[in-house]
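The block underneath contains the structure these notes are about, expressed in structure tokens.
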Ligand code: GLU
């Protein structure tokens, strides 16, 4: 068996859409799972959609996500160049072959002609498509127009005599299209550049692509591609069309309802591992309820059989949850490194061991990396406030005040306060006040961490030490006086 060759073939329109990331990932996983090759091909023949820096941006997003390619721009292989704008002579050559074989024809219709055609079809309540009028020009008419330099495109012929075009899709099974559903697709535009359809088929053939895994939105184009393979007499690759990505209200995933660019998630402090894990589960159904997968596990377990047909909901809350799990799993050193860009400047004055202690206290509460700044407030704000109004009242109550007085009087009798002697001190407060259990601990927890549930109290006490703890509790006694 020849090795599988998979390609991700984005059009560089500015950024890597998360749908594109999912397509890239599934191609990558399939290639790695089967010991095949993963190829990046840049489909940049649409001059009107060119955006400066888009290719670099895209490659940077793939690199960040860990999707390394075996062939592509900068990683030249035997099938390059891997950028379509550098392959234009190939497309012209094959377009000419189709014309010579009478499988394609020049079309001289102007934009106005096409507009009028559409309006007439709409008025007759017909589907709008090219009616094939230039197919029927005589050879003389064609030569005359060409000789006069009349602007034209090249269209492929759809075969209206066949019953159906059948796409055998690895995910969807047999999908049938009748010829009347398909347009005589433009293959070469009037500027001489190929359209996606021609360039895509020519390159998939020349690059010996074995499997075309792409988004569902390309399914209606597939019969045209199959027709091109047949005209050229080329072997047709396997097709797999991935289910659409949906917003939580099940509409098509759109910018209006949230971020859709991979770089947005990167910028917001999501980890590549969690974004990849999350995206992998968009349409790929796991066997059990395992949700956390490393890249190695994804590669090992991936199969197209378990990719579903129905739309996959992009639920950012699930991604947030996943990101939190990944942050929790990071080693101290790895997390510290990841947090560097998000640590406020004032943390530079803190001794590294002390900063690490603080980070360890708050790390489990981080959903994304930038959350660190707000979590540090307790440790760096000289006078941090209790935010919850009910708690602000509660600390004034008699039983709380009794605990606070007991705590300060016990603290005054020791030289220092650490997590080691904290328990003994609390015991002494219990003895002194006769208050125990929750009624003893919660007032202290609120005074020192400012919340009822949050970071581990003993660890915070350890970082604060005696003076700061005294001050935190004393200020609550002062409120009442
Ligand atoms: N250039 C197309 C895109 O931007 C590729 C579609 C395909 O994979 O065939 O998505």
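In the working numbering, the protein residues as written are 1 to 481. Positions of the beta carbon are idealized from the N, C-alpha and C atoms, including for glycine.
The alpha helix (DSSP H) runs lying completely inside the region 432-470 and spanning 4 residues or more are 438-449, given in chain order.
Distances taken from the Cβ of residue 229 to the heavy atoms of ligand 1 include none shorter than 7 Å. The shortest CA-to-CA distance from residue 320 to any of 271, 332 and 339 is the one to 271. Taken through DSSP and simplified to helix, strand or coil, residue 276 comes out as helix. Residue 397 and residue 371 have their C-alpha atoms roughly 33 Å apart. Cβ-Cβ distances below 8 Å link residue 440 to 403, 426, 429, 430 and 433 in the same chain, with the five nearest sequence neighbours on each side left out; the list follows chain order. Between residue 344 and residue 378 the beta-carbon gap is near 13 Å, outside 8 Å, which marks them as no contact. Fewer than three Cβ pairs drawn from the region 320-335 and the region 51-69 lie within less than 8 Å of each other, which leaves the two stretches out of contact. CA-to-CA, the gap between residue 202 and residue 368 works out to about 43 Å. Looking at the DSSP output, residue 238 sits in a beta bridge with 211. Apart from sequence neighbours up to five positions away, the residues of its chain that approach residue 278 with a beta-carbon distance below 7 Å are 318, 319 and 322, ordered along the chain. Here residue 299 really is in contact with residue 29; their C-beta atoms are around 6 Å apart, less than 8 Å. Of all C-beta pairs linking the region 179-195 to the region 43-50, three or more are shorter than 8 Å, placing the two stretches in contact. The beta-carbon separation of residue 224 and residue 156, rounded to 7 Å, stays under the 8 Å limit for a contact. Around the Cβ of residue 207, a 10 Å sphere holds 16 or more other Cβ atoms; the residue is buried. Listed in chain order, the alpha helix (DSSP H) elements of length 4 or more contained wholly in the region 71-110 are 88-100. Relative to residue 138, the option among 112, 165 and 102 whose CA is nearest is 102.
Taking a contact as a CB-CB distance under 8 Å, the pair residue 186 and residue 174 does not count as one, their CB atoms being some 28 Å apart.
As the crow flies, the alpha-carbon of residue 281 is around 10 Å from that of residue 306. In the assembly as shown, residue 84 is a buried residue. Its beta-carbon has 16 or more other beta-carbons within 10 Å. DSSP places residue 480 within a helical segment (H, G or I) once states are collapsed to three.
If you look at residue 174, you'll find it isn't in any alpha helix (DSSP H); it sits in the beta strand (DSSP E) that goes 173-177.
DSSP lists 312 as the bridge partner or partners of residue 245.
When rounded, the separation of the alpha-carbon atoms in residue 211 and residue 7 is 8 Å.
When beta bridges are read from the DSSP output, residue 261 appears opposite 17.
Separation of residue 362 and residue 421 (C-alpha to C-alpha, rounded to the nearest whole angstrom) is 22 Å. Cβ-Cβ distances below 7 Å link residue 401 to 477 and 480 in the same chain, with the five nearest sequence neighbours on each side left out; the list follows chain order. When secondary structure is reduced to three states using DSSP, residue 38 falls in the strand class. In the DSSP assignment, residue 8 falls within the unbroken beta strand (DSSP E) covering 5-8. The way I'd put it, the region 29-43 does touch the region 7-21; three or more beta-carbon pairs between them come closer than 8 Å. Taking a 10 Å sphere around the C-beta of residue 51, we find fewer than 16 other C-beta atoms and assign the residue as exposed. Here residue 153 has 107, 186, 188, 189 and 190 as same chain residues with Cβ atoms under 7 Å from its own Cβ, once five neighbours each way along the sequence are excluded. When beta bridges are read from the DSSP output, residue 154 appears opposite 106 and 188. Straight-line spacing of the CA atoms in residue 346 and residue 471 works out to 21 Å.
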